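Residue numbers (our numbering), protein chains in the order written: chain P, 22 to 294; chain Y, 557 to 664.
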């Protein structure tokens, strides 16, 4: 039970970078430990896309860290799937990472989307913020988890995609709006609408230009991505021809590294004279 | 300040109170989209420029997605004017010597 997991080092880098950006100078050793533990428990598992499973909790943890959440919540994001999908027990988590992380992980694992999250939305609307049964951190974890799942959903069977999209549209996007997480609310809504209105009239079809931009925007910081994609979707919508849209998108794809650099640069710089 | 940044700044300075969207600035300056948005992001970062989403009434009435509008901040107007003046003015006066006197330079 107490043998120290011994796998994986390098790809906790993204989580650590995002966490340190939000909490400069703080000790992040617990996050490195959580990454190693998660990589160990998920060893050998793969996502539907064929990627190693650990890439999912890492992506969720990056989203959570970029939201500026505490170290315990970032650790819980890294470990959020070990209870359901691996042999890891709640006791092991508690011993290794303490009660707070263990409770958060258990909270996410047992959260019922329709019952509990609907209830959470109702309570927010009634103004009883503090009384959300599972606590705000668990809701944030669930939203980050769903955001990454929606982004990588194309590998799932169609029926399951639709079911998840429905849930996202009815419950999770409204919840994100209540929590004031506007960028996440927008992206969840877009991703869900794409699946729900697939091919139906009245919803702008995803053109090649849109798809190219979504892929290239992976270079941008997670939380900035939705804002810029929404902005460009607006511009694409008024460009008259496919050719004009293609040129707009191609130039933009070429400029994406520059934009990523401009957005990631730590302290606000100066315009060079 | 790069030439491209100057073009964007000049386009915004032309009517400082007018809100512009990215596509429009690309058309005004002739710069490609991949150049316009990174420059806007940097200008926003240093608070020369602020951006807002278009009001729902406006874009819903027009039947299109909302636009992101950019405008110089009051501070940005001043800084941008100063910066443009600096790059427009020659860096130093013509080198004297070789028989040139200030009056002969002016006369050229």
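Each residue gets a CB set at the ideal place from its N, CA and C atoms; glycine is no exception.
Computed from a predicted model, the values in this text were never measured in an experiment.
Practice task
Report buried or exposed for residue 224 of chain P, applying the criterion of at least 16 other Cβ atoms within 10 angstroms of its Cβ.
Solution key: Confidence is the limiting factor: at residue 224 of chain P the pLDDT is only 44, short of 50, which leaves the residue's position unreliable and the question unanswerable from this model.
Handout entry: Start and end residues, beta strand (DSSP E) containing residue 606 of chain Y
Key = 605-609
Exercise for the section: Would you decide whether residue 603 of chain Y is buried or exposed? Buried here means 16 or more other CB atoms lie within 10 Å of its CB. Expected result: exposed
Exercise for the section: Pull up the distance between the alpha-carbon of residue 165 of chain P and that of residue 641 of chain Y, whole angstroms please. Expected result: 47 Å
Practice task
Determine the burial state of residue 176 of chain P: buried for a count of at least 16 other Cβ atoms within 10 Å of its Cβ, exposed for fewer.
Solution key: exposed
Exercise for the section: Evaluate residue 252 of chain P with the Cβ neighbour count: other Cβ atoms within 10 Å of its Cβ, from every protein chain shown; 16 or more gives buried, anything less gives exposed. Expected result: buried
Practice task
Note down the Cα distance separating residue 582 of chain Y from residue 117 of chain P, rounded to an integer number of angstroms.
Solution key: 55 Å
Practice task
Go through the region 233-263 of chain P residue by residue and report every complete run of the alpha helix (DSSP H) that reaches 4 residues or more, in order.
Solution key: 243-259
Handout entry: Buried versus exposed call for residue 220 of chain P [16 or more other C-beta atoms within 10 Å across all chains shown]
Key = In this prediction, residue 220 of chain P scores a pLDDT of 45, lower than 50, which makes its location untrustworthy; no coordinate-derived value is stated.
Handout entry: Same chain, Cβ closer than 8 Å to residue 142 of chain P, neighbours up to 5 away in sequence not counted
Key = 192, 195, 196 and 199
Handout entry: Range of the contiguous beta strand (DSSP E) that encloses residue 624 of chain Y
Key = 624-628
Handout entry: For residue 577 of chain Y: DSSP bridge partner residues
Key = Y:625
Handout entry: Given residue 216 of chain P as reference, the closest of P:266, P:202, P:184 and P:95 once Cα atoms are compared
Key = P:184
Practice task
Could you please give the first and the last residue of the uninterrupted alpha helix (DSSP H) stretch that includes residue 63 of chain P?
Solution key: Looking at the DSSP string, residue 63 of chain P is not in any alpha helix (DSSP H), and its letter there is neither H nor E.
Handout entry: C-beta neighbour in chain P for residue 601 of chain Y, strict 8 Å
Key = yes
Practice task
Closer than 7 Å by beta-carbon distance: list the chain Y residues that pair up with residue 280 of chain P, in chain order.
Solution key: 593, 594 and 597
Exercise for the section: Could you have a look at residue 45 of chain P and say whether DSSP puts it in helix, strand or coil? Expected result: coil
Handout entry: DSSP beta-bridge partners of residue 73 of chain P
Key = P:67
Exercise for the section: Measuring only between beta-carbons, confirm whether residue 621 of chain Y sits less than 8 Å from chain P. Expected result: yes
Practice task
Locate the alpha helix (DSSP H) running through residue 589 of chain Y, then write down its first and last residues.
Solution key: 589-601
Problem - Close Cβ partners of residue 69 of chain P (< 7 Å) along its chain, the five nearest in sequence each way excluded - result: 176 and 177
Handout entry: Residue from Y:597, Y:628, Y:570 and Y:598 with nearest C-alpha to residue 585 of chain Y
Key = Y:570
Problem - Of the listed residues Y:618, Y:638, Y:577 and Y:630, nearest to residue 608 of chain Y (C-alpha basis) - result: Y:577
Practice task
Evaluate the contact criterion for the region 50-65 of chain P versus the region 98-107 of chain P: three or more CB pairs, one atom per stretch, below 8 Å.
Solution key: yes
Practice task
Compile a chain-ordered list of the residues in the region 261-276 of chain P whose CB is closer than 9 Å to at least one CB of chain Y.
Solution key: 268, 269, 270, 271, 272, 273, 274, 275 and 276
Practice task
Go through the region 119-185 of chain P residue by residue and report every complete run of the alpha helix (DSSP H) that reaches 4 residues or more, in order.
Solution key: 139-147 and 157-172
Handout entry: Complete runs of the alpha helix (DSSP H) confined to the region 95-121 of chain P [at least 4 residues]
Key = 103-106
Exercise for the section: Go ahead and label residue 120 of chain P buried or exposed: buried means 16 or more other beta carbons lie within 10 angstroms of its beta carbon, across all protein chains shown. Expected result: exposed
Practice task
Answer with yes or no whether the minimum CB distance from residue 259 of chain P to chain Y is below 8 Å.
Solution key: yes
Problem - Segment contact flag, the region 560-574 of chain Y with the region 256-272 of chain P, C-beta cutoff 8 Å, min 3 pairs - result: no
Exercise for the section: Drop a sphere of 10 angstroms on the beta-carbon of residue 135 of chain P, count the other beta-carbons inside from all chains shown, and report buried for 16 or more, exposed for fewer. Expected result: exposed
Exercise for the section: Tell me whether residue 585 of chain Y sits in a helix, a strand or coil according to DSSP, three-state version. Expected result: helix
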